[in-house]
Amino acid sequence: MKHLSALLRTVALVLLCTLISTAQTVSVVIQNATIIDGTGKASFRGDVRIKGGKIERIGKIKPSKMDEVIDATGLVLAPGFIDIHNHSESGLLSEGAAANQVSQGITTILVGPDGGSPWPIAEYLGKLEGKIAPNVGAFIGHAEVRTQVMKQDTRRTATPEEVAAMAKLVEQAMQEGAFGLSSGLEYDTGFMASIEEMIELARAAARHKGIYMSHIRDEEEGFRAAMEEAIRIGKEARLPVQLSHIKMGNRNVWGKSAEAIQLIEAAKKAGQDVTADAYPYTAWASTITVLVPSRKHEDRVEVEKGLNNVGGADKVLITSHAANRSYEMKNMAQISAEKGISPIDLYIEIVKNGGAGVVCNSMSEEDVKAFYTRPWVMVSSDGGIGGRHPRGTGTFPRVLGRFVRESKWLSLESAIHKMSAMPAARLGMKDRGIIKKGMNADLVLFDPNTVIDNATFAQPQNLATGIKAVMVNGTKVWDGLKPTGAMPGSVLKR
Ligand SMILES: [Zn+2]
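If you count the sequence shown from 1, position 390 lands on 720 in the numbering used here, and the numbers rise without skipping.
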């Protein structure tokens, strides 16, 4: 017995030594980089040493024989990008390497936005442990807990007992590591929720220092009331508010970004913590039924109004329609011309046959710019693995290539800040999002003169170019052309 325990002790000691020595030998020095640290401060030339998954030193570094050296002359070294609004929850289970994510420089993905999340959170995160290239964290979705409690019967207000039961589930998810409560009040499952229900559930998230992140009830004519609702939920439940993919959704509200900005900045001035994120496209992607907010999907007048509001049937691209795959990747004007029916009849037919996924080009670039240049708006993709909108594959390089280099809307430092330190602070992450000694080595190396998105509406999966290397927790996951196959991503908990 004594011998056995001595033997075990020896084995444990040998194992421990092996672990330590592996960690010690894996050190990398990135030399001659233009470092943009994520804080928004001006770039500077320097070297960074990475050891044991962390940033060990920044400055002028003379590499030792033990160091692997990466020459970064002419390249920018930035903190890995953190995507606060990402729909890769099922994609990560089937493709942990997440090629179209890490190829953009994304090192941390937050899943579960818009009210839709995995359940239970702990079980989902457990399945990813050791099998993912990027880090992953989750939100608990309002529609998910609503469905858990109310089953299929969600198109009504919830009883106080049901709200209490939902709050318990939010509480559980927060204990399991969720970063906050997400909602998608424009969607059917969440639409009938009262503000009282939302405040009650947000309180459960607030008790565990979570945030309230919302795809608000209306992103078009009713945006003002919808934003006010989100802000009031944050105020009464005493937690920070994140407005998801802030936008002016159709032509009737073009130019009203100024009004939205005023409303949010007034709330901030009054002491409330409100921020937002945005994807860099003038087209949104959703379900076809959001075109008719009155939800009278067979009312010809309402359907006509809905199509006019976005600029006509040619602006609506059908990306998925299970009942008739031949409609996919054609716009509604094309399909109705081919069938010899009106776009109104086509809409009614599609909704009757189970609905469709659509990409709708109905925003103005001026509004996108107005939001993007506010200091409280960060970058998010609203995309993910396998999505049908180019934002899933192009978002971060698109901001760097088009908004920074070509249009000069933003400085490179400010764009990087919106992709790293700003979302990290919003999520309460203290060990990522900045290039600083002791931080986890989530890093992206890119060429600021060439970085660009290549994903288009016709080919949304085309990978970006110009991202030369991506590291997660000190291990390279993207080599500039393909994933390395390493799975160093951590499961992150609030
Ligand atoms: Zn959304």
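Where is the CB? At the ideal position from N, CA and C, for every residue including glycine.
Asked	Found
If you measure from each CB to the nearest heavy atom of ligand 1 and keep those under 5 Å, what residues do you get, in chain order?	D444, H545
My output table needs one value for A652: the three-state DSSP class, helix, strand or coil.	coil
Assuming contact is defined by CB atoms lying nearer than 8 Å, are R831 and G687 in contact in what I supplied?	In this structure the chain extends from 331 to 824, so residue 831 is not present and cannot be described.
Report back the beta-carbon spacing between I561 and Q592 to the nearest angstrom; my notes put them in contact at under 8 Å.	13 Å between Cβ atoms; not a contact.
Report the residue from Q502, I563, M708 whose alpha carbon sits nearest the alpha carbon of W449.	Q502
Could you tell me which residues DSSP puts in a beta bridge with M543?	S512, Q572
Check whether the region 702-710 and the region 748-757 are in contact - that is, three or more C-beta pairs closer than 8 Å.	yes
So, for I576: in the same chain, excluding its five sequence neighbours on each side, which residues have a beta-carbon less than 6 Å away from its beta-carbon?	A606, A608, F701
Quick one: grab the DSSP three-state call for E492.	helix
Classify D397: buried if its beta carbon has 16 or more other beta carbons within 10 angstroms, exposed otherwise.	buried
So, is D809 buried or exposed, given that buried needs 16 or more other C-beta atoms within 10 angstroms?	exposed
What number of angstroms, rounded off, separates the C-alpha of Q354 from the C-alpha of G382?	Its pLDDT being 45, under 50, Q354 is placed unreliably in this model, and the value from its coordinates should be taken loosely. Each residue's Cα considered, the two are about 6 Å apart.
To the nearest angstrom, how far is the alpha carbon of Q572 from that of R547?	14 Å
Can you list the beta strand (DSSP E) stretches of 3 or more residues lying completely in the region 387-435, in chain order?	397-401, 406-409, 411-413
Could you pull out every residue in the same chain whose Cβ sits closer than 6 Å to the Cβ of S351, ignoring the five residues on either side in sequence?	Because S351 sits at a pLDDT of 43, beneath the cut-off of 50, its placement in the model cannot be relied upon, and the following sentence gives the value as read from the coordinates. Cβ neighbours of S351 beyond the five flanking positions: none.
Taking T519 as part of the alpha helix (DSSP H), name the residues at either end of that continuous run.	518-521
Taking only three categories from DSSP, how would you classify V646?	strand
Taking T489 as the reference, give the member of Q789, E559, S524, W739 with the closest Cα.	S524
Leaving out five residues before and five after S762 in sequence, what residues of the same chain have Cβ atoms less than 6 Å from its Cβ?	Residue 762 is actually Arg in this sequence, not Ser. A754, N770, D772.
Give a yes or no on whether the C-beta atoms belonging to E516 and R554 are separated by under 8 Å.	no
Should P818 and A429 be called a contact, given that it needs their Cβ atoms to be closer than 8 Å?	no
Straight-line CA distance for V689 to I665?	15 Å
Looking at T805: is its Cβ nearer than 8 Å to the Cβ of Q434?	no
If you draw a straight line from the alpha carbon of N582 to that of E658, how long is it in whole angstroms?	27 Å
Any idea what DSSP makes of L822, helix, strand or coil?	coil
Just the C-alpha distance for L511 and H545, rounded to the nearest angstrom, thanks.	11 Å
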